[in-house]
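Down below is the structure, laid out as structure tokens.
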Amino acid sequence: MANQLKWEGQQLATWYFTVAVVLFGAQLLMGLIAATQFLYPSFLFEIFDFSVARMVHINALVVWMVYAMVGAAYWLLPEETGIEVVGIKLAKLGFIVLTAAVTVVVLVYILVQIGPADETTIWFINEGREYIEAPRWADIGIAVVLVGFLGHVFATAIKGKRTGIVTVLMADMIALVGLYLCGMGFTDSISMDQFWWWWVIHLWVEATWEVLVGVFAAFGLIRIIGANRDIVEMWLWIEVAMLFGSGILGMGHHYFWIGTPEYWWEIGALFSALEPLPLVAMFIHVTYDWGKEQGIAKAEGRGSAIANTPALAWFFTNAFGNFLGAGIWGFFHTLPQVNIYTHGTQFTSAHGHLAFFGAYATILIGIFYIAVQGTNGIKTLKMTTDGKWAISLINIGVFGMTVALTVSGYGQVLVERAMMGATWEAFFVSQDALWFVQGLGWRLVMGVVTLAGFVFLVKDLLSTGKNTMHVK
Amino acid sequence: MNRNKKGGHNMSKRTVSVWTDNRFWVRSAAWVTGFAAMLLIWLTFDTLSQISMGNDEDLKNGIAKRVPGPTVINYKITYEMSDKRGHEVPVIGGKEKFFGKDDWSEEEARALLHLGKLGSQAKNCMNCHTLLGNGAYYAPDLTKAWLDPAWGPTGPYLGMTGKDTKEEAMAEFLQHPSQYPTHERMMPDLKITADEAKGLVAFLKHMSSIDTNGFPRNFGKMSTDENGGLTLREKRGAQ
């Protein structure tokens, strides 16, 4: 790839994006192994068990997204502030340290897998806590690198121009890094454990990450369609108010059944029911801005307002997918009256798949397209055939998986929870039910479709520089 | 909202109403976030005090804690409908032997629970099972596993493992899970030692005593454990 980048910060961003895409691929492969094991339990049994495949599947997910988010922050910082990232040499060292640590962690997950029931396992193999399994040595390393990253963001923002977008980014990053520390302790009480565990998982995924999506959408809309900064930044502040206003106390929906008091029913139900609202607002915002800028471009006889069609397409997927996956699928089972039956079933899994994809994967892929545009010095990036295959197959694949898991989830909930009372036998009866198995079969098929789309995506991103259809 | 022509250029300079003034939204965002965060922190203090683990004195004096102390392993635990609360709650009854004794001291029980909790993480239980409903969905929920009829007199495991008590059957299964398959989907051998298995069973028994606000729903309904084959509902009807 020809490198047309003016800023070293953006060069560093492309490193982060590259690792993110590799981990994205690893996530899909691990998902396929786990999905196969649901249908054929003897597949890799006692060699590479479901627990290992699933752990790497969800960890690769979290880490690729964090990589892409940090990369996106380094990408937008120089453009927003008008200066090079402060301490860029140190920032590059941080990337190398973090990537080396992630590689070791993943290798240990895959090769060592589990350890004896003592502190050495927690320190060096895995912590066995869903999503944040990283052993404690890596936890500390990640925290140090993230604090360093925070330092680069703040130093650059203070020295350069501080736009609204950068201000929100700064505030959100403090919360993001601070919250990670809540997930590092050990306690004998499983209730206390899960109470703090949610401070990381929920407040990352349903609050600080969503605000980052707002930041990237704001930055992207200015870059892609030349949206007006005043309007975009005003929307961003409205989104921050709505996201934090609903999301912080929306945490209550995770405190229904872990030993915590009953008042979380009301708090969780009320605030998590409000959580879809900012996602509606974000959808309206993206649609409105595109329509407006396109109208102005047309009136001025400029043709299209879009400087990067695939990025805008993925931003739209984000606006819609975030609302659908996080908003609708989340709301389905967020009331305690429903959640007491659906909690911890394939229904949760259906929501998880569409929400992580719709809310985060989509916008980060959009940012990847902005990065290949910048890296190759392209003025107008068009949608290629590969790009169309990528966005179509990935969307069909993930939405298909979600629908399939929802069908399985319904079956599981009715048989296991409603009819049979959630015992072990009830669990296994539900897992053998024909409609449940069919749903998981379609999930595997749709997983393969998603992987095929991913292959097109990688091909499209890598071939952008050579493709002559783009306007340089 | 936007009454400016030409896409709202210079909007910040030509503010036409408070709604199009960025400063209003910046302040709103700060106040809303601050208020929500303060409320969360206040509720956190209250919740932490309510879910702090109880101790042996509480158990001896019959004081119900949402999360009882580790010596709960010395007692019989059942899961019964509370008419007052409208859902099932764990009920701690009389003494019950656990691995041959019902006088585990506070220190011994705490050490056993500590080992079990560490084991649950070191063996990555949560990436197949759910604990308190959280985790993966490949294997049964463990929240009330201790009370599950599968491990009771009518379930398959006592006979399969050739053990006399639930805790011994569980410990044996945990050490050699693939020797006792009940379904095509099996638990792999995780190299769990005899001591670790004991700790894990204590962890499971302790978890079943946590007040989970009625989750999982209707769990007691199917229970045949110690009820002479009657479901709890039938038992209540007979009273």
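Protein chains in written order, with my numbering: chain A, 1207 to 1678; chain B, -16 to 222.
Each residue gets a CB set at the ideal place from its N, CA and C atoms; glycine is no exception.
A/D1378 carries a helical assignment under DSSP once its states are collapsed to helix, strand and coil. For B/A128 against B/Y140, the beta-carbon gap comes to about 11 Å, at or over 8 Å, which does not count as contact. In this chain, the beta strand (DSSP E) harbouring B/V72 covers H70 to K78. The straight-line gap separating the alpha-carbon atoms of B/G116 and A/A1487 is approximately 32 Å.
For B/E167, the chain A residues whose C-beta falls within less than 7 Å of its own C-beta are P1247, listed in chain order.
Residues of chain B whose Cβ lies closer than 9 Å to the Cβ of A/R1335 are, in chain order, Q104 and M109.
A straight line joining the alpha-carbon of B/D85 with that of A/T1305 spans about 51 Å. Against chain A, the CB of B/F202 has a partner CB under 8 Å away; the residue lies at that interface. Between B/A12 and chain A, the shortest Cβ-Cβ separation is below 8 Å.
When rounded, the separation of the alpha-carbon atoms in A/M1625 and B/Y121 is 20 Å.
For the C-beta of B/M190, the chain A residues within less than 8 Å are, from N- to C-terminus, I1396. By the neighbour-count criterion, in which 16 or more other beta carbons inside 10 Å mark a residue as buried, B/N196 falls on the buried side. Here the alpha carbons of A/I1502 and A/E1412 stand approximately 35 Å from one another. In this structure, DSSP gives A/T1586 an extended state, which the three-state scheme calls strand. If the five residues before and after B/L95 are omitted, its C-beta is found closer than 6 Å to the C-beta atoms of G182 and A185, all from its own chain and listed in chain order. Between A/F1634 and B/H166, the CB-CB gap stays under 8 Å. Residue state for B/L114 is assigned as strand, using DSSP reduced to three classes. As summarised for the segment 1556 to 1626 of chain A, the continuous alpha helix (DSSP H) elements at least 4 residues long and confined to that stretch are 1568 to 1581 and 1591 to 1618, given in chain order.
Contact annotation, A/I1431 with A/D1495: C-beta distance approximately 7 Å; criterion of less than 8 Å satisfied. Judged by beta-carbon spacing, A/L1485 lies within the 8 Å limit of A/A1532, meaning their Cβ atoms are closer than that value. Relative to A/D1592, the option among A/L1646, A/G1659 and A/M1607 whose CA is nearest is A/G1659. For A/Q1644, the nearest beta carbon of chain B is not closer than 8 Å to its own beta carbon.
Around A/V1359, the same chain offers A1279, L1283, L1375, M1376 and M1379 as residues with beta carbons nearer than 7 Å, after the five sequence neighbours per side are excluded. The C-beta distance from B/W87 to B/I56 rounds to 6 Å, short enough to meet the 8 Å contact threshold. Excluding five sequence positions before and after B/E179, the CB atoms of its chain that fall closer than 7 Å to its own CB belong to L98 and G102, given in chain order. Against chain B, the beta carbon of A/Q1552 has neighbours under 7 Å at Y120, listed in chain order. Residue contact check for B/N38 against chain A: no CB pair falls below 8 Å. Chain B places a beta carbon closer than 8 Å to that of A/W1463, counting this residue as a contact. A residue is called buried when at least 16 other Cβ atoms come within 10 angstroms of its Cβ; B/I46 does not meet this threshold and is exposed. About 25 Å separates the Cβ atoms of B/R168 and A/P1322, ruling out a contact at the 8 Å cut-off. Judged by beta-carbon spacing, B/N201 lies beyond the 8 Å limit of A/G1453, meaning their Cβ atoms are not closer than that value.
Comparing C-alpha distances from B/G118 to each of A/Q1543, A/V1291, A/Q1400 and A/V1311 shows the shortest one belongs to A/Q1400. Taking a beta-carbon distance threshold of 8 Å, B/L95 does not count as an interface residue toward chain A. By the Cβ neighbour-count rule, A/V1677 is exposed, with fewer than 16 other Cβ atoms within 10 Å of its own. Listed in chain order, the alpha helix (DSSP H) runs fully inside the segment 1209 to 1293 of chain A are 1214 to 1245 and 1256 to 1287, counting runs of at least 4 residues. Residues of chain A whose Cβ lies closer than 7 Å to the Cβ of B/Q158 do not exist, since the nearest Cβ in that chain is about 13 Å away.
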